[in-house]
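Engineer:
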Amino acid sequence: MKRFSFFLMALFVVVAAFAAPARRAPFKAKQSDGTMLTVVLTGDEALHYYMTVDGKPLVKEANGDFSYATFSTEGNFVSTKCLAHDNAYRTLYEKNLIASIDYPSMNAEIEKASAERSAKYRSAMQKAASVPTTGEVNVAVLLVEFPDCKFTYKKEDIENILNASGYVYENPLVNSVGSARDYFIAQSDSLFKPNFIVSDIVTLDNNMAYYGANKTNGDDTRPSYAIKHGIQKAADAGYDFSLCDNNGDGEVEFVYCLYAGYSESSGADANTIWPHQWKLSSQAGSITVNGVRCDTYACSGELVLNQKYEAEIGKVLAGIGLICHEFSHCLGLHDIYDTKGAGNWGMDYWDVMDQGNYVAEGYVPVGYSAYQRDACGWRKLIELDSKGHYSMEALTRGGSAYKIVNDANSNEYYILENRKREGWDTYLFGEGMLIVHVDYLESAWNNNTINGTAGHPRYTLIPADNELLVYGKVTAQEFVESLRGDVWPGTKGNTELTNSSIPAAKVYAGGYMNKPVTNIKYVDGVISFDFLAGVFESAPQVLPATDVNESSFVANWEAIEGASGYNVELYRVTDAAPGEGDAVVLLEEDFMECVKNNTDISSTINDYTISDGWSAEAVYSEGGALRVGSSVAAGSLKTPVLNADGKVTVSFTSSLYSSSDIEPQLTVSVVSAVDGEVVCSETFVPTASEVVYTLVADVAGEFHVLFTTESDANEKRVYLDNISVSTSSDVVMELVESVEDVEACSCLFDNLEAGCTYSYRVQGADGYGVSDFSSFETVSLLPLSIEDTVVDADFVEVYTLGGIKLYSGRPDSIELAEGVYLIKSGTKTFKAVVK
1 MKRFSFFLMA
11 LFVVVAAFAA
21 PARRAPFKAK
31 QSDGTMLTVV
41 LTGDEALHYY
51 MTVDGKPLVK
61 EANGDFSYAT
71 FSTEGNFVST
81 KCLAHDNAYR
91 TLYEKNLIAS
101 IDYPSMNAEI
111 EKASAERSAK
121 YRSAMQKAAS
131 VPTTGEVNVA
141 VLLVEFPDCK
151 FTYKKEDIEN
161 ILNASGYVYE
171 NPLVNSVGSA
181 RDYFIAQSDS
191 LFKPNFIVSD
201 IVTLDNNMAY
211 YGANKTNGDD
221 TRPSYAIKHG
231 IQKAADAGYD
241 FSLCDNNGDG
251 EVEFVYCLYA
261 GYSESSGADA
271 NTIWPHQWKL
281 SSQAGSITVN
291 GVRCDTYACS
301 GELVLNQKYE
311 AEIGKVLAGI
321 GLICHEFSHC
331 LGLHDIYDTK
341 GAGNWGMDYW
351 DVMDQGNYVA
361 EGYVPVGYSA
371 YQRDACGWRK
381 LIELDSKGHY
391 SMEALTRGGS
401 AYKIVNDANS
411 NEYYILENRK
421 REGWDTYLFG
431 EGMLIVHVDY
441 LESAWNNNTI
451 NGTAGHPRYT
461 LIPADNELLV
471 YGKVTAQEFV
481 ESLRGDVWPG
491 TKGNTELTNS
501 SIPAAKVYAG
511 GYMNKPVTNI
521 KYVDGVISFD
531 FLAGVFESAP
541 QVLPATDVNE
551 SSFVANWEAI
561 EGASGYNVEL
571 YRVTDAAPGE
581 GDAVVLLEED
591 FMECVKNNTD
601 ISSTINDYTI
611 SDGWSAEAVY
621 SEGGALRVGS
631 SVAAGSLKTP
641 VLNADGKVTV
651 SFTSSLYSSS
661 DIEPQLTVSV
671 VSAVDGEVVC
681 SETFVPTASE
691 VVYTLVADVA
701 GEFHVLFTTE
711 SDANEKRVYL
721 DNISVSTSSD
731 VVMELVESVE
741 DVEACSCLFD
751 NLEAGCTYSY
761 RVQGADGYGV
771 SDFSSFETVS
781 LLPLSIEDTV
791 VDADFVEVYT
801 LGGIKLYSGR
811 PDSIELAEGV
821 YLIKSGTKTF
831 KAVVK
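Spelled out as structure tokens, the structure:
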């Protein structure tokens, strides 16, 4: 309970933030009319602003009041001069003002401005990714203060939290478990050991506002000048920056600056500097000292803003979370949070490159994920490709993690890792298996916009409780409970991730992963699970029956990999009148592999269908269905070539694509695949409701079915789904017996009717699922006597088993010695016994 209480409390504590969204915890601000307004600081170094808890942007006035804001075409927040209040206390004037503001358009403009401003920071991040990930590496750390804002702590305190082995910094918020150097040694399995070389404290010539005061668009005025001036002063005082040129190319890979006071991102005064990473050359200009060039830098504040504890014990030194986060960029890692305000969740407190640098007030940032350890070359991911039972130790104990790759796109995969609350993961919100969905796109990684596409996060959790809540939109307790439920099995006891589980194993390419993870357990800190249970690459191959006699036979088949048993079905086969035989499905397609992306998939239609051989024009994927046609072009879909003689039934579902599609016509034609002749055609007019339509045609040989929309009118689009083409056989099959969990590859069927024909089929099973059924194998039992065989025949032929004809004529005058014979009557041949 003590730990949970800390988690709850921590969400309300203001902490520094850089290259991560501003703190998400709402805080109370007193307005000049005496009311209390709940305010949230949002955004990052590119663009940041205040807003109400229901998402209305605010401007902070000179007197400290918060007013509702609009957003100008120049990219600036503009005050409406209307004092803001929480929703329950808004006046009619406020409500009318809010109703008059087009917030969807405003939010789109804010997102656009944020994306444009982010570009200047991305190049710096890419350049910084040049520090070796193994061995001893020197890191320049610059300490700067201002005439009006001095350091509270000494250089020795900073050196301790950065370098001291096993250093524990005791404070009223939380005790640390080590230094920044300890952090990276632990994440790298001792392969990487940074030395943070700390300068003496230097005092800049200008007050903090000279560097950190906000422009009208929220940007700091001259932040890079603080670093440039500080580098020069530190070098003049004897600091040797050449010690931090690790690869000898004449440039310091990275300078980290700690400036006195708070970070603006913590909710501090607007004149403070917002933590960021950038290049000096983008504003102040790079600087060369000690024979080496300094350009790429990052910075954050000395203190963590916590008014409650400051009143009791004084100002509190900030933890190492931001430093670990920013230096991770130097190792090539990218931000996981939504850098463009697209509304994606990312990884929140589970990842140091998202909100995880805030955990335990930044004194105990969460450990690296399995992906990050692999990216740095410290511990490789293991790709799963074989069915089996697997287990994982925690990452903190040297455990490996697994990668499940989407067969439809090798750049899309799941990562399975075991996270335990110990070491640097002590303050995680839960423990168990994390499942991370990755959809790698080089440009998104290079531009540091991994989770910046609305509706398409590229690195995010698949939560066991199927919910990713956002703090500020729910209570702190609800948010914490949701985080605790993210791990598997978690608070919901969720033990499987499959195509049909909740949440389902969805992917962007192909719809579903089709690789189930089941039987997930977390026992004594170890995760175990089954992979591909219930999945079979093929159906069993049936073999001819053996030991056939008048009343029994033995069904046989070949074993398939992964099956622990087999299910066998036995059918009795009888002749049917024309058109009354069992239905034979020639084609079924439900388009479940489609995902809604409004992209023409005509050229790749066979990637989205069960069987190959389809062709299409102007056909679009639409979330488990197809859209045929566009707003300006007709669409067509043609099935693979099918084969039948007699009547075939075409069945499908269809409906309007949108209300703007007025009476679209969908023409369905059965066309000969031999000469292209249209055998049968009918035009349907789909409605707003999904309806099942059918078409019956007489065919002879090979054919295909063609679906087409109109070509002479705009917006005649339709949904098309659940296509089925079937015919009827000349027999009726009746299920007479079903046997499950047969361990051998054979099964005895007895007490059957002599002289009758039977068919059997087989499927594999493994306790979790079953394979497809095999094809049917047909067997005819021996009759009890020759009289039973020819009782209704007018003319028969008798042969030896070797094929020599012995007799032809009426059956009532046959004289045969004892033995087994072949009796041919019409189109059928039987074995007969003479006793």
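When the letters of the sequence shown are read in order and numbered with the working numbering, they come out as residues 1 to 835.
Glycine residues also receive a C-beta, built at the ideal position from the N, C-alpha and C atoms.
Note that the structure is predicted; figures quoted are calculated from it, not measured.
#1: Is it buried or exposed for asparagine 163, if we count other Cβ within 10 angstroms and need 16 for buried?
#2: Residues in its own chain within less than 7 angstroms of serine 759 by CB, not counting five upstream and five downstream?
#3: Check the DSSP bridge columns for methionine 353 and list the partner residues they point to.
#4: By Cβ distance below 6 angstroms, which residues in the same chain neighbour serine 482 in space, the five residues on each side in sequence not counted?
#5: Going straight from the alpha carbon of alanine 464 to that of alanine 360, what length do you get?
#6: Tell me the residue span of the beta strand (DSSP E) that contains leucine 483.
#7: Grouping DSSP H, G and I as helix and E and B as strand, with all else coil, what is isoleucine 197?
#8: Would you grab the beta carbon distance between serine 224 and leucine 280 for me? Rounded to a whole angstrom, and I think it's under 8 angstroms.
#9: What does the alpha-carbon distance come out to for the pair isoleucine 823 and alanine 618?
#10: Since lysine 647 sits in a beta bridge, which residues does DSSP pair it with?
#11: Can you list, in chain order, the residues of its chain with a C-beta nearer than 6 angstroms to that of leucine 816? Leave out the 5 residues immediately preceding and following it.
#12: Opposite glutamine 372 in the DSSP bridges: which residues?
#13: Ends of the alpha helix (DSSP H) at valine 627?
#14: So if DSSP puts proline 57 in a beta bridge, which residue, or which two residues, is it bridged to?
#15: Per the contact definition of three or more C-beta pairs closer than 8 angstroms, is the stretch 585-596 in contact with the stretch 732-751?
#16: For threonine 687, count neighbouring C-beta atoms within 10 Å of its own C-beta (all shown protein chains included) and say buried if the count is 16 or more, exposed if not.
#17: How should phenylalanine 830 be labelled, buried or exposed, when 16 other C-beta atoms within 10 angstroms of its C-beta is the threshold for buried?
#18: Any idea which residues DSSP pairs asparagine 556 with across the strands?
#19: What is the DSSP secondary structure of asparagine 722, reduced to helix, strand or coil?
#20: So within the stretch 153-240, which uninterrupted beta strand (DSSP E) runs reach at least 3 residues, ignoring any that extend past its ends?
#21: I'd like to know whether the C-beta atoms of valine 860 and tyrosine 349 end up nearer to each other than 8 angstroms.
#22: Would proline 664 pass as a contact of threonine 709 if the rule is Cβ separation under 8 angstroms?
#23: Rounded to the nearest angstrom, how far is the Cβ of valine 718 from that of glycine 629, given a contact under 8 angstroms?
#24: Runs of 4 residues minimum, wholly inside the stretch 307-340: which ones carry the alpha helix (DSSP H) assignment?
#25: If we ignore side chains and look at the alpha-carbon of each, how far apart do serine 67 and tryptophan 274 end up?
#26: Going by beta-carbon coordinates alone, are alanine 342 and threonine 453 separated by less than 8 angstroms?
#27: Rounded to whole angstroms, what's the CA-CA distance from asparagine 76 to lysine 228? Just pull it up for me.
#28: Select from Asp524, Ile520, Glu537, Ala539 the residue whose C-alpha is nearest the C-alpha of aspartate 530.
#29: Considering Cα atoms alone, identify which of Phe429, Met513, Lys387 is closest to serine 438.
#30: Buried or exposed for glutamate 589, please, with buried defined as at least 16 other CB atoms from any protein chain shown within 10 angstroms of its CB.
#31: Nearest to valine 507 by alpha carbon, out of Val474, Asn406, Gly291, Trp488?
#32: For alanine 237, which residues in the same chain have their Cβ closer than 8 angstroms to its Cβ, ignoring the five residues on either side in sequence?
#33: State buried or exposed for asparagine 306, treating a residue as buried only when at least 16 other CB atoms are found within 10 Å of its CB.
#34: Can you give me the Cβ contacts of arginine 222 inside the same chain, cut-off strictly under 6 angstroms, excluding the 5 residues immediately before and after it?
#35: How about threonine 495 and proline 489: are their beta carbons less than 8 angstroms apart?
#36: Kindly indicate which three-state DSSP category serine 123 falls into: helix, strand or coil?
Structural biologist: On the basis of the data shown:
#1: buried
#2: Tyr571, Val573, Met733, Phe776, Glu777, Thr778
#3: Answer is none; methionine 353 lacks a bridge partner.
#4: Taking C-beta separations shorter than 6 angstroms and ignoring five residues to either side along the sequence, the partners of serine 482 in its chain run Glu467, Leu469, following chain order.
#5: 24 angstroms
#6: Element bounds for leucine 483: not the beta strand (DSSP E) but the alpha helix (DSSP H), 476-484.
#7: strand
#8: 5 angstroms
#9: 58 angstroms
#10: Asp698
#11: Val834
#12: Looking at the DSSP assignment, glutamine 372 forms no beta bridge with any residue, so it has no partner.
#13: One detail in the question is off: residue 627 reads as arginine in this sequence, not valine. No alpha helix (DSSP H) holds arginine 627; the beta strand (DSSP E) holding it covers 626-628.
#14: Met51
#15: no
#16: By the 10 Å Cβ count, threonine 687 comes out exposed.
#17: Buried is the call here.
#18: Leu543, Ser746
#19: strand
#20: 192-203
#21: Since the first and last residues shown for the chain are 1 and 835, residue 860 lies out of range.
#22: yes
#23: Yes, they are in contact, since the Cβ atoms of valine 718 and glycine 629 sit about 7 angstroms apart, within 8 angstroms.
#24: 307-313, 321-330
#25: 22 angstroms
#26: yes
#27: 27 angstroms
#28: Ile520
#29: One detail in the question is off: residue 438 reads as valine in this sequence, not serine. That would be Met513, whose Cα lies nearest to the Cα of valine 438.
#30: Result: buried.
#31: Asn406
#32: Ser199, Asp200, Val202
#33: By the 10 Å Cβ count, asparagine 306 comes out buried.
#34: Tyr211
#35: yes
#36: With a pLDDT of only 49 at serine 123, under the threshold of 50, the placement of this residue in the model should not be trusted, and no figure is reported.
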